[in-house]
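>
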Amino acid sequence: MNEMNITSAQYVEEDGVNTSIKATIDGKGLSVPIDAGNRHYDEIMRQVEAGTLTIQEAE
Amino acid sequence: MSNARELAQIPSTPSGRRNLIINGAMTVAQRGTSISITNTTGYTLDRFKIGRGSNYNFDVDVSQSSDAPTDFANSLKIDVQATATPSASDNATLEYFIEGQDLTHLNYGSSSGKYVVLSFWVKSNKTGTYGCQFKLDSNSRNFTNSYTISSSNTWEKKTITINPDTAGAAFADNNLVGARIIWHLSTGPDDILSGNRDWTADALFRSVTGQVNLLDSTSNEFYLTGVQLEVGTVATEFEHRSFGEELALCQRYYTKFDFPQTTPFFLSHKQTGNTVRSTVTTPVPMRTTPTINASGQPYIRYNWDSGSNLIIDDGTSLTVIGSSLDANRFTVSNSDVTSVGNNVGAVLAYAGDLECDSEL
Chain A
1 MNEMNITSAQ YVEEDGVNTS IKATIDGKGL SVPIDAGNRH YDEIMRQVEA
51 GTLTIQEAE
Chain B
1001 MSNARELAQI PSTPSGRRNL IINGAMTVAQ RGTSISITNT TGYTLDRFKI
1051 GRGSNYNFDV DVSQSSDAPT DFANSLKIDV QATATPSASD NATLEYFIEG
1101 QDLTHLNYGS SSGKYVVLSF WVKSNKTGTY GCQFKLDSNS RNFTNSYTIS
1151 SSNTWEKKTI TINPDTAGAA FADNNLVGAR IIWHLSTGPD DILSGNRDWT
1201 ADALFRSVTG QVNLLDSTSN EFYLTGVQLE VGTVATEFEH RSFGEELALC
1251 QRYYTKFDFP QTTPFFLSHK QTGNTVRSTV TTPVPMRTTP TINASGQPYI
1301 RYNWDSGSNL IIDDGTSLTV IGSSLDANRF TVSNSDVTSV GNNVGAVLAY
1351 AGDLECDSEL
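These protein sequences, in sequence, are chains A and B. Its first residue numbered 1, the first sequence is counted upward by one per residue in this note's numbering. Its first residue numbered 1001, the second sequence is counted upward by one per residue in this note's numbering.
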């Protein structure tokens, strides 16, 4: 069961380092910190581990 | 006042900070006083969230209402916008999450575990049996109990005593989910239990036989206020806190900046190239580095060299950076600021909000 509907996720980088994830969650465009404990980050990683979501590389 | 009456008003447990629930009187509504939830989950009045199971599609409006019982000014109102019938493991819920570190004193997982009692005021035109669940997400434990709304459109106070979970595990002393309280509104048959159930190893949504389907009519409404969770077996009078105190407690989990038009807001500096970083200081330390949402079509103005040079940016490239600098400061970055000077001094905005979300 996915408690959040995540339709896109892409890393954002600065100076070659991923600094956050830009994601569309439940229809909202959000900037999600790479920080375990943040519920959006935790759910993104849970769906990645479940194989239902892929985080796109930074542009 | 007689001695007997004075004694009757003394709570059975020590007074002050009895209530483990934040915004139980539904006074704080930072996200707005009316929120539409359609086929998704979402926070509504501060700390209270509409949840769902198995991608159940339903449509409700949640608002802050002035319809409230004596001693209260507000309630949370759920107004059904479309009918829905739950199947299998479908669930529509109202939920409240509590951090583990705020529950360690309950001594769960030991013989010295404590009873807690949940009390709340509820009102609905839809009478009947409802399930209320205590779900420990970290160790997959469930306690499920029912309550009954007896009279249509009448405020009723409900009390549920929760046994200590002596066979489970202690709450983790951290800022992650320790427990959630779930008010079931509509439950599929696969998640219905035949009656109340004491603590059991179970990670699922659970309600009880006879669970009302609140979503069976667009005329249905459900009101809740006066939510209190406290140590003991007797529900005491609701612990009212000042609005300012309640707001500060809510801001640990969510805060919203309404950008002013002309006042410098966040200190900023040029990072590199077209990138400007700004430090956001929140009113209170947040639970984690927040997710940010620059909503309402923000237009951000960067100002440097004594205001002689301005850049207008649409804010669509605003991102949060890594972990918090410290408990109440974090960094946002904007990689889309062209022609930026080296001495950016402040960020201003003409319209829009910056939402910071550290909810559980």
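Here a beta-carbon is modelled for each residue, glycine too, at the ideal position from N, C-alpha and C.
How many angstroms separate the CA atom of GLY1210/B from the CA atom of THR1129/B?
Residue mapping note: residue 1210/B aligns to position 210 of the second sequence, counting from 1. Residue mapping note: residue 1129/B aligns to position 129 of the second sequence, counting from 1. When rounded, the distance between both Cα atoms is 6 angstroms.
> Alpha carbon to alpha carbon, what distance is there between ILE1050/B and GLU1239/B?
Counting from 1 along the second sequence, the entry for residue 1239/B is found at position 239. Counting from 1 along the second sequence, the entry for residue 1050/B is found at position 50. If you take the alpha carbons of GLU1239/B and ILE1050/B, they lie about 24 angstroms apart.
> To the nearest angstrom, how far is it from the Cα of ILE1149/B to the Cα of HIS1184/B?
Numbered from its first residue, the second sequence carries residue 1149/B at position 149. Numbered from its first residue, the second sequence carries residue 1184/B at position 184. When rounded, the distance between both Cα atoms is 13 angstroms.
> CB GLU1355/B to CB SER1295/B, shorter than 9 angstroms?
Position 355 of the second sequence, counted from the start, is the residue given in the question as residue 1355/B. Position 295 of the second sequence, counted from the start, is the residue given in the question as residue 1295/B. Cβ distance < 9 angstroms, so GLU1355/B and SER1295/B count as in contact.
> When Cβ atoms are compared, which residues of the stretch 25–56 of chain A fall closer than 9 angstroms to chain B?
Flagged, chain order: ILE25, ASP26, GLY27, LYS28, GLY29, LEU30, SER31, VAL32, PRO33, ILE34, ASP35, ALA36, GLY37, ASN38, ARG39, HIS40, TYR41, ASP42.
> Relative to the C-alpha of ASN1213/B, which candidate in THR1085/B, ASN1153/B, PHE1330/B has its C-alpha closest?
For the purposes of this step, residue 1213/B is identified with residue 213 of the second sequence, where counting begins at 1. For ASN1213/B, the nearest C-alpha among the options comes from THR1085/B.
> Comparing alpha-carbon positions, which option in SER1065/B, ARG1047/B, GLU1237/B lies nearest GLU1095/B?
Along the second sequence, one-based indexing puts residue 1095/B at 95. Ranking SER1065/B, ARG1047/B, GLU1237/B by Cα distance to GLU1095/B puts ARG1047/B first.
> Could you tell me if PHE1330/B is buried or exposed, where buried requires 16 or more neighbouring beta carbons within 10 angstroms of its beta carbon?
Residue mapping note: residue 1330/B aligns to position 330 of the second sequence, counting from 1. PHE1330/B comes out buried.
> What three-state label does DSSP hand ALA1172/B in the structure shown?
In the second sequence, the residue the question calls residue 1172/B occupies position 172. Coil at ALA1172/B, not helix or strand.
> Step through the CB atoms of chain B and report whether any lies within less than 9 angstroms of the CB of THR7/A.
By 1-based counting over the first sequence, the position of residue 7/A is 7. So no, THR7/A is outside the interface.
> With DSSP as the reference, label PHE1048/B as helix, strand or coil.
On the second sequence, position 48 is the one that residue 1048/B refers to. The answer is strand: DSSP assigns PHE1048/B an E or B state.
> Let me know if SER1358/B comes out buried or exposed under the rule of 16 or more other beta-carbons within 10 Å of its beta-carbon.
Residue mapping note: residue 1358/B aligns to position 358 of the second sequence, counting from 1. Buried is the call here.
> With DSSP run on the structure shown, which of helix, strand or coil describes ILE1037/B?
For the purposes of this step, residue 1037/B is identified with residue 37 of the second sequence, where counting begins at 1. In this structure, ILE1037/B counts as strand in the three-state DSSP scheme.
> Counting only C-beta atoms, is LEU1185/B closer than 9 angstroms to chain A at any point?
For the purposes of this step, residue 1185/B is taken as the residue at position 185 of the second sequence. Closer than 9 angstroms: no.
> Quick check: the stretch 1117–1127 of chain B against the stretch 1156–1166 of chain B, are there 3 or more CB pairs under 8 angstroms?
As far as the Cβ criterion goes, the stretch 1117–1127 of chain B touches the stretch 1156–1166 of chain B, which means the pair count is three or higher.
> Under 6 angstroms Cβ to Cβ from PRO1069/B, same chain only, skipping five residues before and after it: list those, please.
As a first step, residue 1069/B is located in the second sequence; it is residue number 69 there, counting from the start. The residues are TRP1121, TRP1155.
> Note down, in chain order, every chain A residue with its Cβ under 7 angstroms from the Cβ of ASN1057/B.
Taking the second sequence and counting its residues from 1, the one referred to as residue 1057/B is at position 57. Those within 7 angstroms of ASN1057/B in chain A number zero; the least Cβ separation is about 11 angstroms.
> Distance check for ILE1037/B and GLU1221/B, CA to CA, integer angstroms please.
Walking along the second sequence from the start, residue 1221/B turns up at place 221. Walking along the second sequence from the start, residue 1037/B turns up at place 37. Roughly 14 angstroms between the two C-alpha positions.
> Would a check of beta-carbon distances place VAL1320/B closer than 9 angstroms to chain A?
The residue labelled residue 1320/B in the question sits at position 320 within the second sequence. Cβ-Cβ to chain A under 9 angstroms: yes for VAL1320/B.
> In chain order, what residues of the same chain lie with their CB nearer than 7 angstroms to the CB of ASN1328/B, ignoring the 5 residues before and after it?
In the second sequence, the residue the question calls residue 1328/B occupies position 328. Excluding sequence neighbours, ASN1328/B sits near THR1281, THR1282, VAL1284, PRO1285, MET1286.
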